[in-house]
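Heads up: the sequence shown begins at 1 in full-length UniProt numbering, then just goes up one per residue.
We treat Cβ as the ideally placed atom computed from N, Cα and C, and that holds for glycine.
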Amino acid sequence: MEVEGSIEEDDSNREEEERFGSTNFLDSLTELLTLRQQRLADQFHDRFVSILNQLHLPEAYDLSIFMSNIKEEIGQYLRLFKPQTLVEGYMLAK
Numbered sequence: 001m002e003v004e005g006s007i008e009e010d011d012s013n014r015e016e017e018e019r020f021g022s023t024n025f026l027d028s029l030t031e032l033l034t035l036r037q038q039r040l041a042d043q044f045h046d047r048f049v050s051i052l053n054q055l056h057l058p059e060a061y062d063l064s065i066f067m068s069n070i071k072e073e074i075g076q077y078l079r080l081f082k083p084q085t086l087v088e089g090y091m092l093a094k
């Protein structure tokens, strides 16, 4: 038995997958963009990289998101030194 609205929902999901690749990409991207450093930079970096590995974004995006989501005072410090890669940013943040 077909539930009303489920065909539209399936079409919507299909369109989203065609446009963005999959809903997993969107879920991972949302998780990455909302991730904030709570404790140690090491813990934040590990979780950040774990999510990042699912997305395959350009390095410049990786670094920009990392610097925006780490604790504000660390992000300001990183901006002074202008790291060129995520690895450089992480090493400075430690």
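Boundaries of the alpha helix (DSSP H) harbouring I65: E59 to N69, taken from the DSSP string. The beta carbon of E31 lies closer than 7 Å to those of I51 in the same chain, with the five residues before and after it left out. For L80, the uninterrupted alpha helix (DSSP H) run begins and ends at E72 to F81, by DSSP. Counting only residues of its own chain and dropping the five nearest sequence neighbours on each side, K94 has a CB closer than 8 Å to the CB of A41 and D42. With respect to the C-alpha of Q38, the residue from I70, L80, N53 and L29 having the closest C-alpha is I70.
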